[in-house]
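Student: Under our numbering, the first residue of the sequence shown is numbered 6, with each subsequent residue one higher. Once you've had a glance at the structure underneath, I'll fire off some questions.
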Amino acid sequence: MVSYYFLEVLKKMIILFILPLHYNDIDYPFIDSKIHQNSYVNFISFQTSPDSTAVNKDYQIDAEDLKSHIRKIEFYSRKNNVFLSIFIYLIVYYLHFNFLAKNRRSQKDRPRSSLEESILDKKEASTHQNINAETINEFTEKIILEGLKKFENKYSFLQKSITLGKLATELNTNVRYLSIVIKKHKAENFNQYLNGLRIQYIVVKLKYDEEFSKYKISYLSDLCGYSSPAAFTRYFFEIMRQTPSEYIKDISHD
């Protein structure tokens, strides 16, 4: 067994002489001090002693063990980095996928803005301008009219997402036939038909239910199926020739 004394001497020699030489930074003048000279002499003596061989042997064994541990650490570190990278990739992919799915749902379910409704109005008008004197058989026309009656009685026109295409699907017909029947029996086009039903609904509520006159315009707008108070006010004015606020004020004086 190597004595504690020799190990301490070896450590001091490494600090005082070996490390500075390794970094080309040895300061030779400090060897002149008595303490350092004694340490140096002891180290030289120790190198030639039998204990020196034991220390060197132990050092070689420890060095090999250290290298082995370092290799193991590096191996597991690389392995962990691979697993960590895969895990991070899966998390990022999962979050990205959820974000896209949520965004698609919100785009599908969100109410239409006033601008979108205005664009739809123009599209509807353009579509109905192309409808000529084309006729459909009486049976088909009757079926569509019955479907529209159910649509009105169930207040389905209050749905924010209702469109000409969706209504045609619900009635098991096509957009063209539905447009022809609406123009012939209800209104000039689907938008006029839809807005007429909505405004008529809220007018009746305001006139015969005092509680409705206490509600804010934004609430009445949402109740009618409009995406914004501005759209509600615009269509209300087109049909009633006065704003909702003016109409509420008038009926409150009656």
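Where is the CB? At the ideal position from N, CA and C, for every residue including glycine.
Around the Cβ of G170, are there at least 16 other Cβ atoms within 10 angstroms (buried) or fewer (exposed)?
Tutor: By the neighbour-count rule (16 or more Cβ atoms within 10 Å), G170 is not buried but exposed.
Student: The alpha helix (DSSP H) with K154 in it runs from where to where?
Tutor: Segment E143 to N158, the alpha helix (DSSP H) holding K154.
Student: Which word fits S90, buried or exposed, when buried means at least 16 other C-beta atoms lie within 10 angstroms of its C-beta?
Tutor: Under this definition S90 is an exposed residue.
Student: Can you name, in chain order, every residue of its own chain whose Cβ lies under 8 Å from the Cβ of V208, other than the five neighbours on each side?
Tutor: Closer than 8 Å at the Cβ level, and outside the excluded window around V208, lie M245 and Y252.
Student: May I have a chain-ordered list of the alpha helix (DSSP H) segments no shorter than 4 residues that lie completely inside the segment 174 to 217?
Tutor: The segment 174 to 217 contains these whole alpha helix (DSSP H) runs: 180 to 190 and 195 to 213.
Student: Please report the distance separating the alpha-carbon of H133 from that of I96.
Tutor: At H133 the pLDDT is 48, less than 50, meaning the model places this residue with poor confidence and gives no usable figure here.
Student: My understanding is that N200 touches Y160, with C-beta atoms under 8 Å, so please give their C-beta distance in whole angstroms.
Tutor: With a Cβ gap of about 14 Å, N200 and Y160 do not count as contacting.
Student: Helix, strand or coil for R239, going by three-state DSSP, please let me know.
Tutor: Three-state result, R239: helix.
Student: Got a sec, what are the start and stop residues for the alpha helix (DSSP H) K221 sits in?
Tutor: Where K221 is concerned, there is no enclosing alpha helix (DSSP H), given that its DSSP letter is neither H nor E.
Student: Which value, in whole angstroms, describes the spacing of the CA atoms of L150 and K221?
Tutor: The alpha-carbon atoms of L150 and K221 are separated by roughly 35 Å.
Student: Do G230 and F156 come within 9 Å of each other at the CB atom, strictly closer than that value?
Tutor: Taking 9 Å as the Cβ cut-off, F156 and G230 do not qualify as a contacting pair.
Student: What is the residue span of the alpha helix (DSSP H) that S232 lies within?
Tutor: No alpha helix (DSSP H) contains S232, which DSSP labels as neither H nor E.
Student: Output the distance between the C-alpha atoms of S232 and K147, rounded to the nearest integer angstrom.
Tutor: Approximately 32 Å between the Cα atoms of the pair.
Student: With I256 as the anchor, note down where its alpha helix (DSSP H) starts and where it stops.
Tutor: First-last of the alpha helix (DSSP H) with I256: P249 to H258.
Student: Give a yes or no on whether the C-beta atoms belonging to N177 and G152 are separated by under 9 Å.
Tutor: Contact: yes.
Student: Using the three-state DSSP reduction, which class does A83 fall into: helix, strand or coil?
Tutor: It is worth fixing the name first, because residue 83 is Arg in this sequence and not Ala. If DSSP states are grouped into helix, strand and coil, R83 belongs with the helices.
Student: Use the C-beta contact count for S184: other C-beta atoms within 10 angstroms, 16 or more gives buried, fewer gives exposed.
Tutor: S184 is buried by the Cβ-count criterion.
Student: Taking only the alpha-carbon atoms, compute the straight-line gap between E215 and F104 and give it to the nearest angstrom.
Tutor: So the two alpha carbons sit approximately 45 Å from each other.
Student: Work out the CA separation of Y206 and Y213 for me, nearest whole Å.
Tutor: Rounded to the nearest angstrom, the two C-alpha atoms are 11 Å apart.
Student: Determine, using beta carbons only, whether L172 and F144 come nearer to each other than 9 Å.
Tutor: Result no, Cβ atoms of L172 and F144 do not sit closer than 9 Å.
Student: Report yes if the CB atom of L202 is closer than 9 Å to the CB atom of L211, and no otherwise.
Tutor: Result no, Cβ atoms of L202 and L211 do not sit closer than 9 Å.
Student: Out of I187, Y182 and Q197, state which residue places its alpha-carbon closest to the alpha-carbon of K154.
Tutor: Nearest C-alpha to K154: I187.
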